[in-house]
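J.:
Residue numbers (our numbering), protein chains in the order written: chain A, 1 to 494; chain B, 1001 to 1313.
1) Anything in chain B within Cβ reach of residue 246 of chain A, meaning under 8 Å, just list it in chain order.
2) Answer with buried or exposed for residue 1122 of chain B, where buried requires no fewer than 16 other C-beta atoms within 10 angstroms of its C-beta.
3) Measuring alpha carbon to alpha carbon, tell me which residue in B:1130, B:1026, B:1179, B:1006 is nearest residue 1209 of chain B.
4) Taking just the CA atoms, how far does residue 1084 of chain B sit from residue 431 of chain A?
5) Beta-carbon within less than 8 Å of residue 1047 of chain B's beta-carbon, same chain only, minus the 5 sequence neighbours each way: which residues are those?
6) Which residues share a DSSP beta bridge with residue 293 of chain A?
7) Where does residue 447 of chain A fall in DSSP's three states?
8) Tell me which residue opens and which closes the beta strand (DSSP E) that residue 91 of chain A is part of.
9) Distance cutoff 9 Å, beta carbons only. Does residue 1108 of chain B sit that close to anything in chain A?
10) Compare the C-alpha of residue 188 of chain A against each of A:342, A:266, A:257, A:477 and name the closest.
11) By the 10 Å Cβ neighbour count, where 16 or more other Cβ atoms means buried, how is residue 1247 of chain B classified, buried or exposed?
12) Alpha carbon to alpha carbon, what distance is there between residue 99 of chain A and residue 410 of chain A?
13) Quick check on residue 280 of chain A: does DSSP put it in helix, strand or coil?
14) For residue 472 of chain A, which residues in the same chain have their Cβ closer than 7 Å to its Cβ, ignoring the five residues on either side in sequence?
15) Can you list, in chain order, the residues of its chain with a C-beta nearer than 8 Å to that of residue 1236 of chain B? Leave out the 5 residues immediately preceding and following it.
16) Examine chain A for any beta-carbon lying closer than 9 Å to the beta-carbon of residue 1006 of chain B, and answer yes or no.
17) Pull up the distance between the alpha-carbon of residue 104 of chain A and that of residue 275 of chain A, whole angstroms please.
18) Among residues of its own chain, excluding the 5 on either side of residue 128 of chain A, which ones have a beta-carbon nearer than 7 Å to its beta-carbon?
19) Does any CB atom of chain A fall closer than 9 Å to the CB of residue 1157 of chain B?
20) If we define contact as Cβ-Cβ less than 9 Å, is residue 1311 of chain B a contact residue for chain A?
21) Report buried or exposed for residue 150 of chain A, applying the criterion of at least 16 other Cβ atoms within 10 angstroms of its Cβ.
22) Look up residue 165 of chain A in the DSSP assignment and say whether it is helix, strand or coil.
23) Hey, could you find the ends of the alpha helix (DSSP H) residue 254 of chain A is sitting in?
24) Hey, out of A:6, A:322, A:334, A:205, whose CA is closest to residue 183 of chain A's CA?
25) In the DSSP assignment, the alpha helix (DSSP H) including residue 129 of chain A goes from what residue to what residue?
26) Tell me whether the region 354 to 370 of chain A and the region 419 to 428 of chain A touch, counting them as touching only if at least three CB pairs, one residue from each stretch, are closer than 8 Å.
27) Buried or exposed: where does residue 133 of chain A fall if 16 or more other Cβ atoms within 10 Å of its Cβ makes it buried?
28) Would residue 220 of chain A pass as an interface residue toward chain B - the criterion being a Cβ-Cβ separation below 9 Å?
29) Cutting at 7 Å between CB atoms, please list the residues of its own chain near residue 1296 of chain B, excluding the five before and the five after it.
30) Taking contact to mean 3 or more Cβ pairs, one atom from each stretch, closer than 8 Å, check whether the region 1283 to 1302 of chain B and the region 310 to 322 of chain A are in contact.
31) Report yes if the C-beta distance between residue 241 of chain A and residue 266 of chain A is below 9 Å; otherwise report no.
32) In this structure, what does DSSP give as the bridge partners for residue 387 of chain A?
33) Using a Cβ-Cβ cut-off of 6 Å (strictly less than) and excluding sequence neighbours within five positions of residue 350 of chain A, which residues of its own chain qualify?
34) Can you give me the Cβ contacts of residue 1003 of chain B inside the same chain, cut-off strictly under 7 Å, excluding the 5 residues immediately before and after it?
35) Could you give the DSSP three-state label for residue 1219 of chain B: helix, strand or coil?
36) Tell me whether residue 248 of chain A sits in a helix, a strand or coil according to DSSP, three-state version.
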C-alpha cells in the first residue's frame, strides 16, 4: 500500500505525530511547532489532548460508546448478519473549522445547491442547458436517475432538492473540493446532532475555552423548510417522515429526526391515497398529509408507477404528487443531478445558472465514456480512484494506489466492458485530523458533509456538518458502511 | 396517532408485562419446588408454571423432562418459545424501536439496555446462579420503563395505549395463574387440606408480589377463598382482575376524551368492569371458579380484539 502524504489540520503535516509536535506525542513541550493560521483554532484541542492522560482518554471513549449504545444509535450494514445493529465508531477528538473557513464554504455550498435546483428544474422543464450544449443530452435523458414521470412537472415552490448533502474534502490549508453531491436522500445528520450532544456531556470544559457554533437548530430549520413547500395554503401543514421501516440501515436516523421535528414517522402502509389526496391511518381515522419527507428511494415510493413489487411505498402517491396535492422532499428524479457523470459538469452548470464562477472546486474528473479519457484512465489506473457513476456508500469503488495487481486487472476489464458506467479521479490526499485510537492519538483521513436546506423561505446551512473519519490507518474510505467513523465538527470563532 | 404506532405501543405494554409476570412466576415456582414433599413441595410445580403461561403443549413437544433447569431455560432464554422472556423483550424492543418517536429517551433506554443485556446471554441458562440475576434484570427493566414512562411521557394517546396493553395482559396473566390452581382454591367453609396447600396458595400470592399485601388487607391467616377474593375482586391489589379492569376502563375513557369517540371496546370494558363490581367471592365460587375464570379469559381476549378493531390496528 502506497503511503499518502496528507495535509494535517492540526499540525500541517502528519509527520508531526511521530516527530517533534508536542508533549502528547514526544514528551518534549518545547518542540511544538509554531501554530499556523489553521492550527490556531486547534491550540485548545492540542493542550486538551496534552493534558489528558491516556487512561482518561480511554475512559472518555468508553463512556461515549456506552452513551451511543444506550440511546440505540445504530447503523445496519447490509450483508453482515452479525452487524445488524452496529455502532458507527465515534471519535472524541473534535474536528475544527475556523469561522472564516466556514463562511467561504457556506457561500460555495449555497451557490452549488442553487445551481443543482436550477439544473433539475431545467432538465425536467425547458432543457435550456441541453440545448446550449453544456451537458450532453444523452447523459441526462438516458441517465438511470432521470425520471420520465417528472418531465414537465414543477414541484411546489419550484424546489427539487430540499435537503442536500455535499461531500467536501480538504487537501491543503485553502484547498477544499466537492467530492460528490447527494441530492436524493442524504443521511448522517442525526450523527451530526448526537455527536454534539455527546461532546457536550463528555468534555464540557472544552466548550468553555472555545466558542463553538451550535448545530441544534437543524430540526427547526428542516421543519420550516418542509412547511414552506406545503401545497395547501393556510393552516398548519401536516408533515410526515416516510421510512422504509426498522430494517433500513438508517432507521435510527429516521426515528430520531421525526422525534426532533415532532412529526409522525410513517411507513408506506400507514399512508393511503384517495381521490389523489394522501392520508395517514390514525386511531381517529384518516388524516390528510401535506408534505412527505421521504427517506425512501424513488424506485420504491409508488408500486403503481415504479417497482411494482415494492411493499414499502404508497400506491397512488405519484398521482397525488402530480395532482399537486402533496409535496415530496426531496422531489422525485433528483438522482439525475447527483450522478457522478453529471458531477464532472458541475462547474459549467454553476456558471450556466448563476452567471458566477464556482466558489467550490470540483475534483478533476475523467469521464470514461470519452475514449481519450478512458485511455488515460487505463494507463494510470494504479494512481486513480475509479467510481461507478450511479454508485454510493463507497461500494464498488477502486482506489488504485491501495489495490493489488489482480484487482487492478479485473477493474480494467470492467472499465473496457462498460466505460460509460465509470468516472475516475486522482487519488486525493484527504486531510487528516488527530484521532483517538487504541494506540494513542494518530492522524486519520477525514471528509465533511454539510447539510443544505432549501425551502421557499430561503437556504439554510447549520455551521459544520458531519465529519466522517476513516478509522483504519492510511485508509481513504470514510463511508460508515466500510468501517468509517464520525467526529463532531466545530465551527469556532477566533 | 398513527394506528400502527398505537398497535406497537399497546403490544409493547403487553410484552413487557408478560416478561415481568414470567419472571415472577419462575421465582415463586422455584420456591415452591424447593420445599420438602411433606410440606407440599409439589413435584408438579414446574408443570403448573408451564400451564400458567399456556406453554404445556409447546413444551411437551420438545420431549424434555419437566424440571427446573429445562423449564426455566425454556421460559427465559429460549429463542424458539415466543413467550420466553427473551422473545418478549425482543418483541417489546422491536415495537419500541419502530415507534421510538412515541417514547421518551428514558423510556426507550430502559427497554434498550435490558435488551442489550439479555442479548449478550446465550440460549442456555448457566445454572441457577445465572437465573436470579436474569429475573432481577427483567423485573428492574419493566419497573424502570414504567417509572420512566410515568415520569417523562406526555399524558396522551401513547401513554394510554401502553398502559392499556399492560392492563389487558396483566388481567390475562392473573386469571391464568388462578385458573391453574383453581382446584386448590376452595370456597369458604370447605375443609381445607392443611399445610400442604398453604404453600400452593402462598406461591400464588408471591407470583403477584401480594404476600404482604394479603396480611395487610385481611389480617388473617392464608385462606384459599381470601386468596381468590384478593386476586379477583380486591381493588387495592394492582394485579387483581378488578384493578386491571379499573385501569382498562380508565385508559379507554382517557382515549375517548381525547378523540370524543367511544366504541365497542368501551362497551366491553364497562361490561367486564361491572361484572367484577356486582359480584362477591361467594357468588363466584357458587357458580364455579373455573367457569368464571375461563369466561373471564375469553372476554378479556374479545376486549383485546375489539380494541384492535376500534383503533384500526
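Quick reminder that beta carbons are idealized off the backbone N, C-alpha and C, glycines included. All values reported here derive from a predicted model rather than from experimental measurement.
T.: So, from the data block:
1) Counted from its first residue, the first chain places residue 246 of chain A at position 246. The answer, in chain order, is 1094, 1097, 1098.
2) Taking the first residue of the second chain as 1, we reach residue 1122 of chain B at position 122. Answer is exposed; the Cβ neighbour count stays below 16.
3) Indexing the second chain from 1 puts residue 1209 of chain B at position 209. Among B:1130, B:1026, B:1179, B:1006, the Cα nearest to that of residue 1209 of chain B belongs to B:1026.
4) Here residue 431 of chain A refers to the residue found at position 431 of the first chain. Here residue 1084 of chain B refers to the residue found at position 84 of the second chain. Taking the straight line from one Cα to the other gives about 51 Å.
5) By one-based count along the second chain, residue 1047 of chain B stands at place 47. Hits under 8 Å: 1056, 1066.
6) Locating residue 293 of chain A in the first chain gives position 293, where the first residue counts as 1. Note: residue 293 of chain A sits in a beta bridge opposite A:241, A:329.
7) Along the first chain, read from residue 1 onward, the residue named residue 447 of chain A stands at position 447. Strand.
8) On the first chain, residue 91 of chain A is found 91 positions in, with the first residue counted as 1. Per DSSP, residue 91 of chain A belongs to the beta strand (DSSP E) from 90 to 98.
9) Locating residue 1108 of chain B in the second chain gives position 108, counting from the first residue. Closer than 9 Å: yes.
10) Walking along the first chain from the start, residue 188 of chain A turns up at place 188. The shortest C-alpha separation from residue 188 of chain A is found at A:257.
11) Stepping through the second chain from its first residue, residue 1247 of chain B is reached at position 247. By the 10 Å Cβ count, residue 1247 of chain B comes out buried.
12) Counting from 1 along the first chain, the entry for residue 410 of chain A is found at position 410. Counting from 1 along the first chain, the entry for residue 99 of chain A is found at position 99. Answer to the nearest angstrom: the Cα atoms are 45 Å apart.
13) Taking the first residue of the first chain as 1, we reach residue 280 of chain A at position 280. Three-state DSSP puts residue 280 of chain A in a strand.
14) By one-based count along the first chain, residue 472 of chain A stands at place 472. Same-chain partners within the cutoff: 483.
15) Here residue 1236 of chain B refers to the residue found at position 236 when the second chain is read from its first residue. Around residue 1236 of chain B: 1213, 1217, 1243.
16) Indexing the second chain from 1 puts residue 1006 of chain B at position 6. Chain A, which has a Cβ nearer than 9 Å to the Cβ of residue 1006 of chain B, makes this yes.
17) Indexing the first chain from 1 puts residue 104 of chain A at position 104. Indexing the first chain from 1 puts residue 275 of chain A at position 275. Whole-angstrom Cα-Cα distance: 48 Å.
18) Within the first chain, the letter at position 128 stands for residue 128 of chain A. Closer than 7 Å at Cβ, skipping near neighbours: 122.
19) Translated into the one-based positions of the second chain, residue 1157 of chain B becomes position 157. Taking Cβ atoms only, chain A reaches closer than 9 Å to residue 1157 of chain B, which makes this a yes.
20) Residue 1311 of chain B sits at position 311 when you count from the first residue of the second chain. True, the Cβ-Cβ gap to chain A drops below 9 Å.
21) On the first chain, residue 150 of chain A is found 150 positions in, with the first residue counted as 1. So residue 150 of chain A ends up on the buried side.
22) Walking along the first chain from the start, residue 165 of chain A turns up at place 165. If DSSP states are grouped into helix, strand and coil, residue 165 of chain A belongs with the strands.
23) By one-based count along the first chain, residue 254 of chain A stands at place 254. That run of the alpha helix (DSSP H) goes 251 to 261.
24) Position 183 of the first chain, counting from 1, holds the residue named residue 183 of chain A. Per the Cα distances, A:334.
25) Here residue 129 of chain A is taken as the residue at index 129 of the first chain, counted from 1. Run containing residue 129 of chain A: 128 to 131, per the alpha helix (DSSP H) assignment.
26) yes
27) Residue numbering aside, residue 133 of chain A sits at position 133 when the first chain is read from its first letter. Label assigned to residue 133 of chain A: exposed.
28) On the first chain, position 220 is the one that residue 220 of chain A refers to. No, no contact with chain B.
29) As a working note, residue 1296 of chain B is residue 296 in the second chain. So the list reads 1175, 1241, once near-sequence residues are dropped.
30) no
31) As a first step, residue 241 of chain A is located in the first chain; it is residue number 241 there, counting from the start. As a first step, residue 266 of chain A is located in the first chain; it is residue number 266 there, counting from the start. Yes. Within cutoff.
32) Your numbering for residue 387 of chain A matches position 387 in the first chain. Paired residue(s): A:423.
33) Position 350 of the first chain, counted from the start, is the residue given in the question as residue 350 of chain A. Cβ neighbours of residue 350 of chain A beyond the five flanking positions: 115, 358.
34) Looking up residue 1003 of chain B in the second chain gives position 3. Excluding positions up to five away in sequence, the list reads 1311, 1312, 1313.
35) Here residue 1219 of chain B is taken as the residue at index 219 of the second chain, counted from 1. Residue 1219 of chain B: coil per DSSP, three-state reduction.
36) As a first step, residue 248 of chain A must be located in the first chain, where it is residue number 248. It is coil, neither helix nor strand.
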